[in-house]
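First up is the structure itself, then whatever we jot down about it.
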Amino acid sequence: MEANKYAGTQTEKNLQEAFAGESQARNKYTFFASVAKKEGYEQMSALFLKTADNEKEHAKMWFKELAGIGDTKENLAAAAEGENYEWTDMYDGFAKTAEEEGFPELAAKFRAVGEIEKHHEERYRALLKNIETAQVFEKGEVKVWECRNCGHIVVGTKAPEVCPVCNHPQSYFEVHEENY
Numbered sequence: 001m002e003a004n005k006y007a008g009t010q011t012e013k014n015l016q017e018a019f020a021g022e023s024q025a026r027n028k029y030t031f032f033a034s035v036a037k038k039e040g041y042e043q044m045s046a047l048f049l050k051t052a053d054n055e056k057e058h059a060k061m062w063f064k065e066l067a068g069i070g071d072t073k074e075n076l077a078a079a080a081e082g083e084n085y086e087w088t089d090m091y092d093g094f095a096k097t098a099e100e101e102g103f104p105e106l107a108a109k110f111r112a113v114g115e116i117e118k119h120h121e122e123r124y125r126a127l128l129k130n131i132e133t134a135q136v137f138e139k140g141e142v143k144v145w146e147c148r149n150c151g152h153i154v155v156g157t158k159a160p161e162v163c164p165v166c167n168h169p170q171s172y173f174e175v176h177e178e179n180y
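Here's what the structure looks like:
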């Protein structure tokens with residue numbers, strides 16, 4: 001990746017805040033679009049989605065300024081590092097705090113999502129290794145059940161009746177084969 005020419009400046013902090021704000025707005029508007037669609041407001045749903053697409057482009061512009069986009073190898077390494085932080089530090093700390101404050105159900109969800117993030121890290125590291133060893137198209141076929149909503153992984157002969165992470169029904173699970 002290119003060097004971040006703004007490193008250590010207030011401008012870098014401003015760019016990071018702009019990127020975070022635009023990224024959050026994109027997700028928020030996507031969620032709002034789903035509600036509008038469900039309530040029968042197609043035009044409003046479409047406008048939320050259009051605005052979400054605009055916010056994505058704004059976020060991309062700021063992320064590029066921060067030299068946050070590299071080649072695929074660099075992006076895989078950065079993604080793995082981000083996922084590692086989420087499952088080893090962020091969600092673990094959130095779970096401990098939730099327990100200390102009397103929210104054991106939320107602590108369990110934080111830990112469950114942390115396990116999903118661990119899987120994401122493993123996937124990115126495997127893909128990176130495949131590139132580094134020129135074996136991108138060589139694969140070990142692994143079949144697992146995956147929740148199409150939140151990504152929770154279950155190994156077994158049958159998908160759970162309800163996802164233990166996001167509570168979506170069994171119909172959201174599919175047999176997933178890793179293709180890397």
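Numbering (UniProt numbering), first residue to last: 1 to 180. In this text, a Cβ means the ideal position worked out from N, Cα and C, and glycines have one as well.
Can you tell me whether residue i is buried or exposed, with buried defined as 16 or more other CB within 10 angstroms of its CB?
| i | result |
| --- | --- |
| Glu117 | buried |
| Phe31 | exposed |
| Lys73 | exposed |
| Arg148 | exposed |
| Glu17 | exposed |
DSSP has residue i in a bridge; who is on the other side?
| i | result |
| --- | --- |
| His176 | Val144 |
| Ile153 | Glu146 |
| Val162 | Pro169 |
Between which two residues does the alpha helix (DSSP H) carrying residue i extend?
| i | result |
| --- | --- |
| His58 | Glu42 to Glu65 |
| Val113 | Pro104 to Glu132 |
| Asn27 | Gln10 to Lys38 |
| Asp92 | Tyr91 to Glu100 |
| Asn75 | Thr72 to Tyr85 |
In angstroms with no decimal places, state the Cα-to-Cα distance between residue i and residue j.
| i | j | result |
| --- | --- | --- |
| Ala67 | Leu128 | 20 Å |
| Glu174 | Ala126 | 22 Å |
| Gln10 | Tyr91 | 28 Å |
| Glu99 | Ala112 | 14 Å |
| Ile131 | Ala95 | 35 Å |
| Ala33 | Ala78 | 30 Å |
| Ala3 | Tyr41 | 45 Å |
Out of the options, state which residue places its alpha-carbon closest to the alpha-carbon of residue i.
| i | options | result |
| --- | --- | --- |
| Glu122 | Glu83, Trp145, Asp71 and Thr157 | Glu83 |
| Gly114 | Tyr124, Asp89, Phe103 and Asn130 | Asp89 |
| His120 | Glu81, Lys50 and Trp145 | Glu81 |
| Val155 | Thr72, Pro169, Trp145 and Glu177 | Trp145 |
| Gly21 | Ala79, Asn4, Phe103 and Met61 | Met61 |
| Thr51 | Asp71, Ser23, Glu39 and Gly70 | Ser23 |
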